[in-house]
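A short worksheet on the structure shown next.
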Amino acid sequence: MNRKMLWGLSALGVVVVGGGLYAALRPAEQVKWRTAKVERGNVVQRISATGTLSALVQVPVGTQVSGTISALYADYNSLVKKGQVIAQIDSTVWETQLKDAQASLERAKANLEDAQRQYQRTKRLAAEKLVSDQDLDIKETSLKTTQASFQTAQAALDRAKANLGYCTITAPVDGVVVGRSVDVGQTVAASFNTPNLFTIAQDLSKMKLEVSIDEADIGQVKVGQPAFFTVDSYPDKQFRGTVAQVRLEPITQQNVVTYKVVMEVQNEPLVPQGNSPAPAAPKAAEAPKAPRTEAARPEGARPEGGQGGFGMGRGGMDPAAREALMKKLGFTPEDLQDPAKREAFRAKMRELREQDAPATMGVTASRPSQGQPKRTPGGINFADGPIYSGNLALRPGMTANVTIFTNRREDVLRVPSVALRFNPTNFLKTDKKPAPAAPQAQAARGQGQGQGPGQGQRGGMPRSMTFKREDKVWVLENGMPKELVVKAGISDGQFTELSGDTVTEGLEVLTGVEDTKKPAPAQTSPFAPQRRR
3 MNRKMLWGLS
13 ALGVVVVGGG
23 LYAALRPAEQ
33 VKWRTAKVER
43 GNVVQRISAT
53 GTLSALVQVP
63 VGTQVSGTIS
73 ALYADYNSLV
83 KKGQVIAQID
93 STVWETQLKD
103 AQASLERAKA
113 NLEDAQRQYQ
123 RTKRLAAEKL
133 VSDQDLDIKE
143 TSLKTTQASF
153 QTAQAALDRA
163 KANLGYCTIT
173 APVDGVVVGR
183 SVDVGQTVAA
193 SFNTPNLFTI
203 AQDLSKMKLE
213 VSIDEADIGQ
223 VKVGQPAFFT
233 VDSYPDKQFR
243 GTVAQVRLEP
253 ITQQNVVTYK
263 VVMEVQNEPL
273 VPQGNSPAPA
283 APKAAEAPKA
293 PRTEAARPEG
303 ARPEGGQGGF
313 GMGRGGMDPA
323 AREALMKKLG
333 FTPEDLQDPA
343 KREAFRAKMR
353 ELREQDAPAT
363 MGVTASRPSQ
373 GQPKRTPGGI
383 NFADGPIYSG
393 NLALRPGMTA
403 NVTIFTNRRE
413 DVLRVPSVAL
423 RFNPTNFLKT
433 DKKPAPAAPQ
443 AQAARGQGQG
453 QGPGQGQRGG
463 MPRSMTFKRE
473 DKVWVLENGM
483 PKELVVKAGI
493 SDGQFTELSG
503 DTVTEGLEVL
513 TGVEDTKKPA
523 PAQTSPFAPQ
533 RRR
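Counted the way my numbering counts, the sequence shown spans residues 3 to 535.
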């Protein structure tokens with residue numbers, strides 16, 4: 003038994019001694035570093051964001067008086083010019099108020115003339131000492147009061163005339179109608195706020211793009227910087243813009259602060275593919291005609307040729323509406339039996355179609371389709387009037403994916419941006435980590451905790467602005483990482499500009515470590531079926 007125990011202890015000693023020798027003589031595990039060279043190249047700094055397109059000048063058209071919409075002269079996509087009548091409010095009430103104001107003015111005028119006569123009579127009697135001075139003062143006061151009442155009546159008449167004029171809604175600018183909020187027969191109330199009737203975009207050939215920029219990037223954006231963007235409608239087409247305004251107003255949503263940046267954009271015309279001319283529209287005689295049957299029209303649908311009225315085209319006109327229009331133009335149904343008067347009636351109709359042709363403002367005008375009639379008083383429509391033909395690429399409300407180029411550096415020393423974020427000390431043992439920089443060096447780099455003026459700040463900087471710490475990269479020296487202090491410039495996300503006395507072209511910097519560990523074998527479930535060998 004003693005001999006067996008002796009042999010066991012001897013074997014155990016051999017194992018312990020062998021294990022110790024193996025651990026002592028085993029080569030140390032080396033870290034395999036991943037490196038990249040400092041090279042020359044271009045660095046373009048950019049900011050990506052999203053924004054919304056809108057017209058450069060977009061004017062909401064409202065009304066200052068309340069009433070019922072009696073007529074609309076513009077619709078969606080209608081081209082209008084400044085001063086053109088686009089809507090009419092029922093003026094019956096305002097005409098009555100005007101007549102009332104005129105009557106009040108006449109009454110005040112008569113009272114004024116009577117007061118003047120009484121004052122002159124009393125003045126003559128007072129000169130002859132036939133009445134007292136008190137009576138003269140009373141007549142003078144009455145005259146002044148009557149004069150004030152006359153001026154009040156005159157102001158009321160002017161106000162009634164203005165309100166009556168407000169019943170006619172005109173376009174404030176040249177442009178295209180991009181929104182309509184009312185229809186014929188709708189009542190609008192202007193008691194507390196101004197109801198919006200139309201929205202007119204002044205010129206769609208020039209648009210603006212409003213972009214929200216994060217507070218971390220807004221300091222890089224300056225007026226005049228170029229920008230490019232795409233829209234979902236034309237993903238393969240790139241549009242150009244220029245930063246026109248950087249607003250100071252902060253916008254906070256869910257504790258995220260952004261700032262509005264406005265860019266000016268030239269709206270480019272659409273170009274057919276292959277730069278070939280656009281195919282000509284077929285003539286009316288060549289266009290296929292669908293068979294017209296009563297069964298094809300849904301129940302309750304409007305007659306052909308209008309939205310909310312009677313068409314004057316292929317669908318014909320309701321007899322009552324036709325008679326109302328003839329009466330407005332000074333004709334009777336009997337007049338149409340006379341060829342001369344019938345021709346005069348047709349000439350009047352042509353004049354109605356040709357009037358109020360607005361400027362195109364860089365876009366082409368075309369006649370509206372049967373579904374886009376021009377509206378006339380009384381709810382009568384006629385299929386005429388220029389509308390926007392849609393030959394420009396960009397439209398209000400489109401979402402744009404924007405890239406703003408804030409800076410560009412050409413032929414500079416650059417390094418992968420990951421080199422500035424990599425810290426090799428995390429992969430070294432404690433006894434092999436490089437010693438920290440001396441306190442004097444830290445203070446020289448602005449990282450000291452001294453109590454003197456500036457406390458480690460850059461010389462000449464205001465005391466309210468702390469000095470930003472210097473960036474650093476790591477290089478290998480005798481197989482060990484060594485810190486190099488550098489100055490980082492602009493970055494495009496992939497590369498960062500570098501400068502400094504220690505930075506040279508071809509310098510190898512650390513960017514990471516190679517994973518030399520072999521992947522562990524995949525564990526299989528004991529319940530999985532085994533493969534046959």
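We treat Cβ as the ideally placed atom computed from N, Cα and C, and that holds for glycine.
Note that the structure is predicted; figures quoted are calculated from it, not measured.
Asked                                                                                                                                             : Found
Which residue's Cα is closest to the Cα of K208: L58, S501, A76?                                                                                  : L58
Give me the Cα-Cα distance between G64 and A203, rounded to the nearest whole angstrom.                                                           : 14 Å
Can you tell me whether I88 is buried or exposed, with buried defined as 16 or more other CB within 10 angstroms of its CB?                       : buried
Using only alpha-carbon positions, find the residue among K224, K239, D234, F230 that is nearest to V263.                                         : K224
What does G53 pair with, by DSSP beta-bridge criteria?                                                                                            : V213, A402
Assuming G181 and A402 make a contact with CB atoms under 8 Å, what is their CB distance in whole Å?                                              : With a Cβ gap of about 20 Å, G181 and A402 do not count as contacting.
So, using beta-carbon positions, are G508 and K489 closer together than 9 Å?                                                                      : no
Counting only the same chain and skipping the five closest in sequence on each side, list residues whose C-beta sits under 8 Å from that of T154. : A110
I'd like to know whether the C-beta atoms of Y78 and V175 end up nearer to each other than 9 Å.                                                   : no
Can you tell me whether A246 is helix, strand or coil according to DSSP?                                                                          : strand
Just to confirm the assignment, what range does the beta strand (DSSP E) spanning Y261 have?                                                      : 258–268
Bridge partners of Q60, per DSSP?                                                                                                                 : A203
How many angstroms separate the CA atom of K285 from the CA atom of V82?                                                                          : Residue placement at K285 is poorly supported in this model, since its pLDDT is 38, which falls under 50; the coordinates still yield a value, given next. If I take the Cα positions, the gap works out to 27 Å.
Please report how far the alpha carbon of L500 lies from the alpha carbon of Y236, in whole angstroms.                                            : 38 Å
Mind checking who D473 pairs with in its DSSP beta bridge?                                                                                        : V488
Using a threshold of 9 Å, state whether the C-beta atoms of C169 and G85 are closer than that.                                                    : no
Can you tell me which of the three DSSP states L430 falls into?                                                                                   : coil
Tell me whether T148 is buried or exposed, calling it buried when 16 or more other Cβ atoms sit within 10 Å of its Cβ.                            : buried
Would you call the segment 183–195 in contact with the segment 225–235, where contact means no fewer than 3 C-beta pairs closer than 8 Å?         : no
Can you tell me which of the three DSSP states G187 falls into?                                                                                   : coil
So, are the CB atoms of F200 and A173 less than 9 Å apart?                                                                                        : yes
Please name the residue or residues paired with I171 in a DSSP beta bridge.                                                                       : A89
Closest to R416 by CA distance: which of N480, E510, A349, A342 is it?                                                                            : E510
Helix, strand or coil for E507, going by three-state DSSP, please let me know.                                                                    : coil
By alpha-carbon positions, which one of D473, V515, L396 ends up nearest to D205?                                                                 : L396
For F497, which residues does DSSP report across the bridge?                                                                                      : P418
What are the boundary residues of the beta strand (DSSP E) that L539 is part of?                                                                  : Outside the shown range of the chain (3 to 535) lies residue 539, about which nothing can therefore be said.
Assuming contact is defined by CB atoms lying nearer than 9 Å, are T37 and L430 in contact in what I supplied?                                    : no
Does any C-beta atom of chain D lie closer than 9 Å to the C-beta of R348?                                                                        : No chain D appears in the structure shown, which is made up of a single protein chain.
Using the C-alpha atoms, what's the distance from T506 back to I215?                                                                              : 36 Å
Going by DSSP, what residues sit across from G43 in a beta bridge?                                                                                : V414
Tell me the DSSP secondary structure of T147 in three-state form.                                                                                 : helix
Give the DSSP bridge partners of R423, in chain order.                                                                                            : Note: R423 sits in no beta bridge, so no partner.
Do A117 and L145 have their CB atoms nearer than 9 Å?                                                                                             : yes
Under three-state DSSP, which class holds T513?                                                                                                   : strand
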